[in-house]
Amino acid sequence: MSYTIRPATLADVNGVTEVARHTWDVTYAQSLATHNRRQFLDRAYTTQTLREAISHERDWFFVALRGETVVGFAQYVRRFDAQGELVRIYVHPDHQRRGIGRGFLATGLAAIAATGIELCYVSAEANNAPARAFYERFGFRLHREYGRFLGDQIIQLVEYTAPISSLLDATDLATTTEKGTEQT
Ligand SMILES: CC(C)(COP(=O)(O)OP(=O)(O)OC[C@H]1O[C@@H](n2cnc3c(N)ncnc32)[C@H](O)[C@@H]1OP(=O)(O)O)[C@@H](O)C(=O)NCCC(=O)NCCS
């Protein structure tokens, strides 16, 4: 099965929203109350918010496509301390474990490193074992644990970080085509 990863355009907003809503429901069904999930998605995935993220000069927003259909997305930002952060990465459950996440890391880390960013951070919900395994697989190291309100509940988060050069050097992120994921 072949996937393409490319920078998102404004035409991808609806596809991103659909992937976000479904993937959030599957991923956080146990850990986040339904009303808090709904409230967060209604705020963070509006058309306006996504249009700004896709267009913003401090952001790198990528989508993965199967044919013409968006099946995943990832957004990196330049933080105010001039380091990078992977702030969203979601692959539709029907398309997970096929190399798309790896492709988002390879493409995104190379893109932000090209602008001089040296470190990348990423946070995950502490109980999100698949996401943690994914980050650890590619060399991210645990940096800190913290809590945050999401709606009316407190969620525990773990933040990972690593030098981008070591992520790209120490893993096989530079060659991500064996499962058919192409970067454009
Ligand atoms: C986490 C996520 C982004 C990974 O993307 P993906 O396309 O499924 O991952 P890949 O196929 O590129 O996996 C690469 C490697 O990461 C590790 N990995 C990925 N998913 C894993 C899982 N569920 N359990 C254990 N290891 C996993 C494996 O080592 C895998 O290699 P392998 O398949 O050859 O064993 C994706 O599963 C996802 O969107 N999950 C739901 C949303 C989410 O939790 N997002 C992160 C929020 S912080």
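Quick note: the sequence shown uses our numbering, first residue 6, plus one each step.
Glycine included, C-beta positions come from ideal geometry on N, C-alpha and C.
All values reported here derive from a predicted model rather than from experimental measurement.
- C-beta atoms of threonine 197 and alanine 79 nearer than 9 angstroms: Within the shown structure, residues of the chain are numbered from 6 to 189, placing residue 197 beyond reach of any answer.
- When a residue counts only if its C-beta is closer than 6 angstroms to some heavy atom of ligand 1, which residues count, in chain order? Of all residues, those with a beta-carbon under 6 angstroms from at least one heavy atom of ligand 1 are Thr28, Thr32, Ile94, Tyr95, Val96, Gln101, Arg102, Arg103, Gly104, Ile105, Gly106, Arg107, Ala129, Asn133, Pro135, Ala136, Ala138, Phe139, Arg142, reported in chain order.
- Opposing strand residues paired with glutamate 130 [DSSP bridges]: Glutamate 130 pairs with Leu162.
- Sorted by chain position, which residues of the same chain lie with C-beta nearer than 8 angstroms to alanine 13's C-beta, five sequence neighbours on each side aside? Counting only Cβ-Cβ distances below 8 angstroms, and skipping sequence neighbours, we find Val21, Ile59, Phe66, Phe67, Val68, Phe78.
- Query: Between glycine 106 and phenylalanine 139, is the Cβ-Cβ spacing less than 9 angstroms?
  - Reply: If you check the CB distance, glycine 106 and phenylalanine 139 come in under 9 angstroms.
- Task: Check arginine 142 in the structure and name its three-state DSSP category.
- Result: Three-state result, arginine 142: helix.
- Task: Determine contact between the region 38-46 and the region 95-102, defined as no fewer than three beta-carbon pairs at a distance below 8 angstroms.
- Result: Touching, no.
- Could you name the residues that DSSP lists as bridge partners for valine 82? DSSP output for valine 82 lists Asp64, Glu90 as bridge partner(s).
- Task: Just tell me which of Ala111, Pro168, Gln53 has its CA closest to the CA of lysine 11.
- Result: Position check: residue 11 holds arginine in this sequence, whereas lysine was assumed. In terms of CA proximity to arginine 11, Ala111 leads the group Ala111, Pro168, Gln53.
- By a C-beta neighbour count over all protein chains shown, 10 Å radius and 16 as the cutoff for buried, is phenylalanine 154 buried or exposed? So phenylalanine 154 counts as exposed.
- Go ahead and pull the three-state DSSP assignment for threonine 120. In the structure shown, threonine 120 falls within a coil segment according to DSSP collapsed to helix, strand and coil.
- Query: What does DSSP give as the partner residues of threonine 74 in its beta bridges?
  - Reply: Threonine 74 is bridged by DSSP to Arg71.
- Task: Evaluate tyrosine 165 with the Cβ neighbour count: other Cβ atoms within 10 Å of its Cβ, from every protein chain shown; 16 or more gives buried, anything less gives exposed.
- Result: Looking at its Cβ environment, which holds 16 or more other Cβ atoms inside 10 Å, tyrosine 165 is buried.
- Item | Spatially closest choice to glutamate 62 from Arg84, Tyr50, Pro168, Leu173, by CA coordinates | If we check each option's Cα against that of glutamate 62, Arg84 comes out closest.
- Query: Over what stretch of residues does the alpha helix (DSSP H) that includes threonine 14 continue unbroken?
  - Reply: Where threonine 14 is concerned, there is no enclosing alpha helix (DSSP H), given that its DSSP letter is neither H nor E.
- Got a sec? Which residues, its chain only, sit under 8 angstroms from isoleucine 169 by beta carbon, not counting five neighbours each side? Here isoleucine 169 has Gly89, Leu114, Ile117, Ala118, Ile122, Glu123, Leu124, Cys125 as same chain residues with Cβ atoms under 8 angstroms from its own Cβ, once five neighbours each way along the sequence are excluded.
- Neighbourhood of glutamate 183 by C-beta, 7 angstroms cutoff - its chain only, sequence neighbours within 5 removed: Residue confidence for glutamate 183 is low, a pLDDT of 40 falling below 50, so the modelled location carries little weight; the figure read from the coordinates is stated next. Excluding positions up to five away in sequence, the list is empty.
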